[in-house]
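From first to last, the protein sequence lines are chains A and B.
Here this note's numbering runs 87 ahead of the position in the first sequence, where the first position is 1.
Here this note's numbering runs 571 ahead of the position in the second sequence, where the first position is 1.
Here a beta-carbon is modelled for each residue, glycine too, at the ideal position from N, C-alpha and C.
Accompanying notes for the structure given below.
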Amino acid sequence: MEYHLATPFPEDEIRKLKVGDIVFVTGTVITARDEAHLKALELHEKGEKPPVDFQGVGVFHCGPIMKKVDGEWTVVAAGPTTSARMEIFQDRFIEAFRPAIIIGKGGMGDRTSKACQEHGCIYGAFTGGAALLAARGIKRVREVFWLEELGMPECLWVYEVEDFGPLIVTIDSHRGNMTKEVKELVTARMERMLAEME
Amino acid sequence: MTDIEKVVEDTAVELLRIAVTELPIEYVEAMKEGLEETEGAVGRAQLRNILENVEIAREESKPMCQDTGVVAFIAKVGDGFPLRSRLKEVLVSATRRATGEVPLRPNAVDMFRGNTRDNVGLNGHVPIIYIDLMEGDDLELIAMPKGGGSTNIAAHRMLKPGLGWKGIKQFVIEALADAGSLGCPPYFVGVGIGGGEDLCMILAKKALLRPFQVRHENPEVATIEGELLEKINRLGIGAMGLGEGPTALDLHIELSARHPASLPVGVVISCWALRHAMAIISKEGEVEIDKSA
Numbered sequence: 088m089e090y091h092l093a094t095p096f097p098e099d100e101i102r103k104l105k106v107g108d109i110v111f112v113t114g115t116v117i118t119a120r121d122e123a124h125l126k127a128l129e130l131h132e133k134g135e136k137p138p139v140d141f142q143g144v145g146v147f148h149c150g151p152i153m154k155k156v157d158g159e160w161t162v163v164a165a166g167p168t169t170s171a172r173m174e175i176f177q178d179r180f181i182e183a184f185r186p187a188i189i190i191g192k193g194g195m196g197d198r199t200s201k202a203c204q205e206h207g208c209i210y211g212a213f214t215g216g217a218a219l220l221a222a223r224g225i226k227r228v229r230e231v232f233w234l235e236e237l238g239m240p241e242c243l244w245v246y247e248v249e250d251f252g253p254l255i256v257t258i259d260s261h262r263g264n265m266t267k268e269v270k271e272l273v274t275a276r277m278e279r280m281l282a283e284m285e
Numbered sequence: 572m573t574d575i576e577k578v579v580e581d582t583a584v585e586l587l588r589i590a591v592t593e594l595p596i597e598y599v600e601a602m603k604e605g606l607e608e609t610e611g612a613v614g615r616a617q618l619r620n621i622l623e624n625v626e627i628a629r630e631e632s633k634p635m636c637q638d639t640g641v642v643a644f645i646a647k648v649g650d651g652f653p654l655r656s657r658l659k660e661v662l663v664s665a666t667r668r669a670t671g672e673v674p675l676r677p678n679a680v681d682m683f684r685g686n687t688r689d690n691v692g693l694n695g696h697v698p699i700i701y702i703d704l705m706e707g708d709d710l711e712l713i714a715m716p717k718g719g720g721s722t723n724i725a726a727h728r729m730l731k732p733g734l735g736w737k738g739i740k741q742f743v744i745e746a747l748a749d750a751g752s753l754g755c756p757p758y759f760v761g762v763g764i765g766g767g768e769d770l771c772m773i774l775a776k777k778a779l780l781r782p783f784q785v786r787h788e789n790p791e792v793a794t795i796e797g798e799l800l801e802k803i804n805r806l807g808i809g810a811m812g813l814g815e816g817p818t819a820l821d822l823h824i825e826l827s828a829r830h831p832a833s834l835p836v837g838v839v840i841s842c843w844a845l846r847h848a849m850a851i852i853s854k855e856g857e858v859e860i861d862k863s864a
């Protein structure tokens with residue numbers, strides 16, 4: 088099924104989505120990678136708030152190339168980065184900030200999948216490396232935070248997006264995890280292959 | 572700056588621009604074939620996105636991927652080429668310029684001070700520069716920026732020599748199965764064997780640069796390349812690791828002698844965006860650029 092959703096996503100919309108569905112997002116998507124996740128969680132644990140609200144919007148694992156044109160930030164290239172690096176704290180991030188969709192590439196693991204089930208979130212995979220296609224869906228750069236401190240790839244870029252996608256739902260809120268299923272098949276094939284070579 | 576330094580610097584900037592904006596046409600054709608042979612809608616969507624993205628990059632002269640990687644240069648300096656010890660400084664300066672001009676994403680991170688913002692640092696090791704010597708009067712220069720996702724799935728193992736070719740093959744297959752979806756497949760695979768713990772990795776990285784689908788000159792090695800490529804594709808990782816479409820487009824093996832007690836094996840993997848461009852610069856400063864795979 089194909090869905091066109093606007094942020095903030097209501098939870099019942101998120102719960103409808105299943106692994107293999109295709110989603111296009113309109114609204115707010117905020118980039119966050121390793122450093123931004125860490126910093127946001129540190130603030131949360133101190134009882135402070137990050138400068139932007141992630142609730143109901145998209146969190147994009149992306150370190151873009153940005154350029155200032157006539158004093159305004161513009162996106163040059165903004166494809167997804169490998170989400171697996173965020174697996175170590177994505178569950179805490181989802182619990183603390185309640186985003187609606189995590190956007191990245193390469194899929195994520197059990198901790199994230201469990202947090203998606205508990206808090207009504209999904210993971211949407213964008214084609215890795217397709218940075219210019221992704222940039223076309225970004226209509227405006229609304230704000231940037233932590234640029235000085237974390238640098239261009241790691242800071243928080245707040246984007247206004249329109250029909251951003253196609254995103255393949257590879258983790259739904261019902262413990263479905265497409266990447267994990269493929270990985271298990273690959274591992275089984277590998278084991279058989281290695282045994283046949285003995 | 573001398574005239575020849577200027578030519579080399581300008582050429583190095585241009586090579587980086589070509590590498591990140593123009594994917595060699597041979598790779599594009601291979602992915603088009605892969606798309607034709609892929610049945611599943613998810614896999615087809617991934618390959619179509621890649622192909623459309625590559626097209627935009629070429630038309631708009633923009634980096635095809637936001638991760639323009641850590642820059643590497645592979646240089647062969649001819650006996651009579653006038654630029655010698657200053658070559659490294661010139662390539663560092665070209666990297667700084669390309670970061671602003673192409674642009675490239677700033678990707679050099681200092682563990683204490685953070686991102687250096689110009690793709691240069693630390694202690695002269697980034698950009699990575701390999702310099703070799705050759706006969707003649709030319710400079711052969713390759714720019715090869717490589718992204719973090721596929722760099723993170725490289726594998727290295729010191730095998731027991733008794734495991735021989737079977738052990739090597741099994742290790743390569745395991746490395747690819749472990750890589751799974753993480754490094755943006757369809758992949759290109761470089762395998763380096765022998766030489767020591769360091770050289771096998773360098774051989775593996777340079778193996779990626781052998782022209783597309785050209786097999787090793789030793790027919791026995793060529794056969795093993797074909798066998799491994801076929802087996803890796805049977806793993807069924809698929810485009811973007813979603814189980815549909817090609818897993819790997821090519822695999823090259825490079826070999827060195829090894830210590831009797833050691834069997835070092837390196838596996839270096841590239842994402843679908845195997846970015847590189849080469850130029851030959853004559854001592855008079857004439858430049859010939861090669862964009863082929």
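Own chain, CB closer than 8 Å to residue i, minus 5 neighbours either side, in chain order
{"i": "residue 740 of chain B", "result": "795, 798, 799 and 802"}
{"i": "residue 123 of chain A", "result": "233, 237, 241, 242 and 243"}
{"i": "residue 806 of chain B", "result": "744, 747, 748 and 818"}
{"i": "residue 831 of chain B", "result": "732"}
{"i": "residue 120 of chain A", "result": "148, 149, 150, 168, 172, 173, 240 and 241"}
Cβ pair residue i, residue j closer than 8 Å
{"i": "residue 621 of chain B", "j": "residue 219 of chain A", "result": "no"}
{"i": "residue 679 of chain B", "j": "residue 690 of chain B", "result": "yes"}
{"i": "residue 645 of chain B", "j": "residue 589 of chain B", "result": "no"}
{"i": "residue 212 of chain A", "j": "residue 238 of chain A", "result": "no"}
{"i": "residue 687 of chain B", "j": "residue 677 of chain B", "result": "yes"}
{"i": "residue 629 of chain B", "j": "residue 593 of chain B", "result": "yes"}
{"i": "residue 850 of chain B", "j": "residue 858 of chain B", "result": "yes"}
{"i": "residue 843 of chain B", "j": "residue 216 of chain A", "result": "yes"}
{"i": "residue 91 of chain A", "j": "residue 115 of chain A", "result": "no"}
{"i": "residue 812 of chain B", "j": "residue 751 of chain B", "result": "yes"}
{"i": "residue 139 of chain A", "j": "residue 230 of chain A", "result": "yes"}
{"i": "residue 735 of chain B", "j": "residue 827 of chain B", "result": "no"}
Residue interval of the beta strand (DSSP E) (run including residue i)
{"i": "residue 597 of chain B", "result": "Here residue 597 of chain B belongs to no beta strand (DSSP E); instead the alpha helix (DSSP H) covers 596 to 608."}
{"i": "residue 616 of chain B", "result": "No beta strand (DSSP E) holds residue 616 of chain B; the alpha helix (DSSP H) holding it covers 612 to 631."}
{"i": "residue 192 of chain A", "result": "Looking at the DSSP string, residue 192 of chain A is not in any beta strand (DSSP E), and its letter there is neither H nor E."}
{"i": "residue 230 of chain A", "result": "225 to 232"}
{"i": "residue 698 of chain B", "result": "First-last for residue 698 of chain B: undefined, no H or E at that position."}
{"i": "residue 761 of chain B", "result": "758 to 764"}
{"i": "residue 91 of chain A", "result": "89 to 93"}
{"i": "residue 113 of chain A", "result": "109 to 118"}
{"i": "residue 144 of chain A", "result": "Where residue 144 of chain A is concerned, there is no enclosing beta strand (DSSP E), given that its DSSP letter is neither H nor E."}
{"i": "residue 797 of chain B", "result": "Residue 797 of chain B -> not in any beta strand (DSSP E); alpha helix (DSSP H) instead, spanning 790 to 805."}
{"i": "residue 706 of chain B", "result": "Here residue 706 of chain B belongs to no beta strand (DSSP E), and DSSP marks it neither H nor E."}
{"i": "residue 830 of chain B", "result": "Here residue 830 of chain B belongs to no beta strand (DSSP E), and DSSP marks it neither H nor E."}
Contact with chain A by residue i, beta-carbon distance below 8 Å
{"i": "residue 602 of chain B", "result": "no"}
{"i": "residue 635 of chain B", "result": "yes"}
{"i": "residue 817 of chain B", "result": "no"}
{"i": "residue 755 of chain B", "result": "yes"}
{"i": "residue 692 of chain B", "result": "no"}
{"i": "residue 752 of chain B", "result": "yes"}
{"i": "residue 796 of chain B", "result": "no"}
Residue i classed as buried or exposed, judged by whether at least 16 other C-beta atoms fall within 10 angstroms
{"i": "residue 652 of chain B", "result": "buried"}
{"i": "residue 789 of chain B", "result": "exposed"}
{"i": "residue 683 of chain B", "result": "exposed"}
{"i": "residue 747 of chain B", "result": "buried"}
{"i": "residue 157 of chain A", "result": "exposed"}
{"i": "residue 171 of chain A", "result": "buried"}
{"i": "residue 148 of chain A", "result": "buried"}
{"i": "residue 50 of chain A", "result": "In the structure as shown, chain A begins at 88 and stops at 285. Residue 50 of chain A is therefore absent and cannot be evaluated."}
{"i": "residue 617 of chain B", "result": "buried"}
{"i": "residue 175 of chain A", "result": "exposed"}
{"i": "residue 60 of chain A", "result": "There is simply no residue 60 of chain A to check, as chain A begins at 88 and stops at 285 in what is shown."}
Contacting residues, own chain, Cβ-Cβ under 6 Å from residue i (five flanking each side not counted)
{"i": "residue 738 of chain B", "result": "730"}
{"i": "residue 257 of chain A", "result": "194, 210, 212, 265 and 266"}
{"i": "residue 728 of chain B", "result": "742 and 836"}
{"i": "residue 703 of chain B", "result": "647"}
{"i": "residue 753 of chain B", "result": "724"}
Residues near residue i by beta carbon distance below 7 Å, same chain, minus five either side
{"i": "residue 856 of chain B", "result": "574, 575 and 578"}
{"i": "residue 624 of chain B", "result": "635"}
{"i": "residue 178 of chain A", "result": "198, 199, 201 and 202"}
Minimum Cβ-Cβ distance from residue i to chain B less than 8 Å
{"i": "residue 155 of chain A", "result": "no"}
{"i": "residue 203 of chain A", "result": "no"}
{"i": "residue 173 of chain A", "result": "no"}
{"i": "residue 272 of chain A", "result": "yes"}
{"i": "residue 269 of chain A", "result": "yes"}
{"i": "residue 195 of chain A", "result": "no"}
{"i": "residue 117 of chain A", "result": "no"}
Where the alpha helix (DSSP H) through residue i begins and ends
{"i": "residue 176 of chain A", "result": "174 to 184"}
{"i": "residue 160 of chain A", "result": "Premise fails: residue 160 of chain A lies in the beta strand (DSSP E), 159 to 164, not in any alpha helix (DSSP H)."}
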